[in-house]
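Please read the structure below before turning to the comments.
Protein chains: 2
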Amino acid sequence: MKFYDCSTAPSPRRARIALAEKGLLDDIEVVEVNLREGEQRKPEFAAVNPYLTVPVLELDDGRRIASSTGIFHFLEAAIPEPPLMGRTPAEKGLVGDLEWRIEMDGFMAIGECLRNTAKGMAGRALTGRHGYEQIPELGARGRLRIERFFEDFDALVGGKRFLAGDDFTIADITALVTVDFAKWVKVGLPEDAANAQRWYETVSARPSAAR
Amino acid sequence: MKFYDCSTAPSPRRARIALAEKGLLDDIEVVEVNLREGEQRKPEFAAVNPYLTVPVLELDDGRRIASSTGIFHFLEAAIPEPPLMGRTPAEKGLVGDLEWRIEMDGFMAIGECLRNTAKGMAGRALTGRHGYEQIPELGARGRLRIERFFEDFDALVGGKRFLAGDDFTIADITALVTVDFAKWVKVGLPEDAANAQRWYETVSARPSAAR
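The structure is reproduced here in structure tokens:
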């Protein structure tokens, strides 16, 4: 397998953490795609992923999975232990639900803020081959959304060790990457959010978080 | 189990089709939530789902799954046959990837267009308990995105029976709901897109599509 990554970017970090948690990251070829230099828009990479994004996981038969979501599904089926997506049907449903919610309301909101406000993103307010102009109001809305997401995050953690309970799951992965990504737009978990802060320390201390 | 639905809305239709495909829809209690009358914003429903959206699947132990994505995960684990999310690890990864892409670039783009342009959505450009003003430029961008998504759709189908190959999957469910939802903003699959039109006829003819 071959993993197309960008070590400084939030999106591929979600997949990279999952690969590390499944014990795969040291056994596969990792190809660094330099997003800051626009390498994802070069023909070589467009031939790998026409959506011009990382992560991409290329399987041994050449087929490619070009989203963190898809890579999570593949890894969970290929290497069931440790489970990252729940054990029982109810847990699987609840973990899938939670991870989706965190991606939509947290991770995507930051992208919306960053891509619609950063000077370097002018004309590229969305990923992909089509150029889209920035919409400043959307940038401001994204910031408001991520602030609200973080206000609610303490209650989402509650007294649990991890977001879905006793097991570390893809919900924790996406939330951890969301919290670190939010630093790019200078938004963070409230200092006095004790549950959220404890959770963040716990998940950040895992070896996979440093990969 | 109890299924909170809205028979006229696109989001719960994704979950409803999956419930029908798994043979469950006639055996569970269905609660109609009238979104047009704003029933989702009443305290009774806010107690069920604080995100104020349908679908919600309430399990027998009272736990609730409040997204199509979460409901797909639950159903696939609870009732493995017929599989809607792939059989092998590679298939599971590719189906998950495809469904995510269709949701992001298709389904979400229509929501973005509709909610930022329809008069009745003023002040509610996003679902949930926070009011957000409409951003007309975002409405226009959503329309452009869905047009481009449909331009590429014929190639996505190609010569395959279903989007992921021989099996009907959640990728077909989300794509079918996307095509029908797009009628609300008067965008459709190109008439001359032969593969796309053939696929649409095939999936629309399934009994689950009429539920």
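As they're listed, the protein sequences go chains Z and G. Under our numbering, the first residue of the first sequence is numbered 431, with each subsequent residue one higher. Under our numbering, the first residue of the second sequence is numbered 431, with each subsequent residue one higher. Backbone N, C-alpha and C define an ideal beta-carbon position, used for all residues, glycine too. What you are looking at is a predicted structure, and each value in this text was computed from that prediction instead of being measured.
**OP:** Assign G:F579 to one of three DSSP states: helix, strand, or coil.
**Re:** Helix at G:F579.
Original post:
For the candidate residues Z:S437, Z:P485 and Z:D457, whose alpha-carbon lies nearest to that of Z:A445?
Top reply: Of Z:S437, Z:P485 and Z:D457, the residue nearest in Cα terms is Z:P485.
**OP:** Within the same chain, show all residues whose beta-carbon is closer than 8 Å to that of Z:S498, passing over the 5 residues directly before and after it, in chain order.
**Re:** S441, P442, R444, A445, A448, P485 and T604
Original post:
Nearest to G:A496 by CA position, among G:T547, G:Q470, G:D596 and G:S634, is which residue?
Top reply: G:Q470
**OP:** For Z:K522, go through chain G and note every residue whose CB falls closer than 7 Å to its CB, in chain order.
**Re:** H503, F504 and A507
Original post:
Using the beta-carbon of each residue, which ones in chain G are nearer than 7 Å to Z:E567?
Top reply: I565
Original post:
At least one CB of chain Z closer than 7 Å to the CB of G:D527: is that the case?
Top reply: yes
**OP:** Return helix, strand or coil for G:D597, following the three-state DSSP convention.
**Re:** Secondary structure at G:D597: coil, using DSSP grouped into helix, strand and coil.
Subject >> Residue of G:L514, G:G516 and G:G500 minimising C-alpha distance to Z:W530 >> reply: G:G500
Original post:
First and last residue of the beta strand (DSSP E) that includes Z:K616?
Top reply: For Z:K616, no beta strand (DSSP E) encloses it, and the DSSP letter there is neither H nor E.
Subject >> Simplified DSSP assignment, three categories, for G:K452 >> reply: coil
Subject >> Backbone secondary structure at Z:Y481 - three-state DSSP >> reply: coil
Original post:
Per DSSP, what kind of secondary structure is Z:D435 in: helix, strand or coil?
Top reply: strand
**OP:** Hey, could you find the ends of the beta strand (DSSP E) Z:L514 is sitting in?
**Re:** That residue, Z:L514, is in no beta strand (DSSP E); it is neither H nor E in DSSP.
Original post:
Excluding sequence positions up to five away, which residues of its chain have a Cβ less than 7 Å from the Cβ of G:A623?
Top reply: F583 and D584
Subject >> Alpha carbon of Z:A508 to alpha carbon of Z:V607, nearest angstrom >> reply: 23 Å
Subject >> Expected contact under 8 Å - CB spacing of Z:N546 and Z:G561 to nearest Å >> reply: Actually they do not touch by this definition, with Cβ atoms about 13 Å apart.
Original post:
Which chain G residues are close to Z:Y562, counting only those with a beta carbon under 9 Å from its beta carbon?
Top reply: R571, L574 and R575
**OP:** List the whole-angstrom C-beta distance separating Z:L544 from Z:M551, where the pair is believed to meet the contact cut-off of C-beta under 8 Å.
**Re:** 7 Å
**OP:** Would you tell me roughly how many angstroms separate the C-alpha atoms of Z:D457 and Z:A450, rounded to the nearest one?
**Re:** 10 Å
**OP:** Please name the residue in G:A626, G:P480 and G:E563 whose C-alpha comes closest to that of Z:R571.
**Re:** G:E563
**OP:** Note down the Cα distance separating Z:E581 from Z:L574, rounded to an integer number of angstroms.
**Re:** Those two C-alpha atoms are separated by around 11 Å.
**OP:** Reducing DSSP to helix, strand and coil, say where G:V463 ends up.
**Re:** coil
Original post:
Would you call G:D491 buried or exposed, if buried means 16 or more other Cβ atoms sit within 10 Å of its Cβ?
Top reply: exposed
Subject >> Boundaries of the beta strand (DSSP E) in which Z:L487 is found, first to last residue >> reply: V486 to E488
Subject >> Under 7 Å (Cβ pairs) to chain G, residues found in the segment 443 to 460 of chain Z >> reply: Residues of the segment 443 to 460 of chain Z whose Cβ lies closer than 7 Å to any Cβ of chain G: none.
Original post:
To which residues of the same chain is G:V633 closer than 6 Å at the C-beta, ignoring the five residues directly before and after it?
Top reply: D602 and L606
Subject >> Selected residue, minimal CA-CA separation from Z:T438, among Z:R554, Z:E542 and Z:L465 >> reply: Z:L465
**OP:** Mind checking the segment 484 to 499 of chain G against chain C and listing, in chain order, the residues whose C-beta falls within less than 8 Å of any C-beta there?
**Re:** No chain C appears in this structure, whose protein chains are Z and G.
Original post:
Between the segment 536 to 550 of chain G and chain Z, which residues of the former have a C-beta closer than 8 Å to a C-beta of the latter?
Top reply: none
Original post:
In chain G, which residues lie with their C-beta within 7 Å of the C-beta of Z:W629?
Top reply: Residues of chain G passing the Cβ test: none, with the nearest at roughly 20 Å.
Subject >> Residues of its chain near Z:F579, where Cβ-Cβ distance is below 7 Å and the 5 sequence neighbours each way are ignored >> reply: D535, G536 and A539
**OP:** Throw me the rounded Cβ distance for the Z:G523 and G:F504 pair, which I believe falls under 8 Å.
**Re:** The C-beta distance from Z:G523 to G:F504 rounds to 3 Å, short enough to fall under 8 Å.
Original post:
Can you name, in chain order, every residue of its own chain whose Cβ lies under 6 Å from the Cβ of G:E533, other than the five neighbours on each side?
Top reply: T604
Subject >> Helix, strand or coil at G:I458 according to DSSP, with G and I counted as helix >> reply: Of the three classes helix, strand and coil, the one that applies to G:I458 here is coil, per DSSP.
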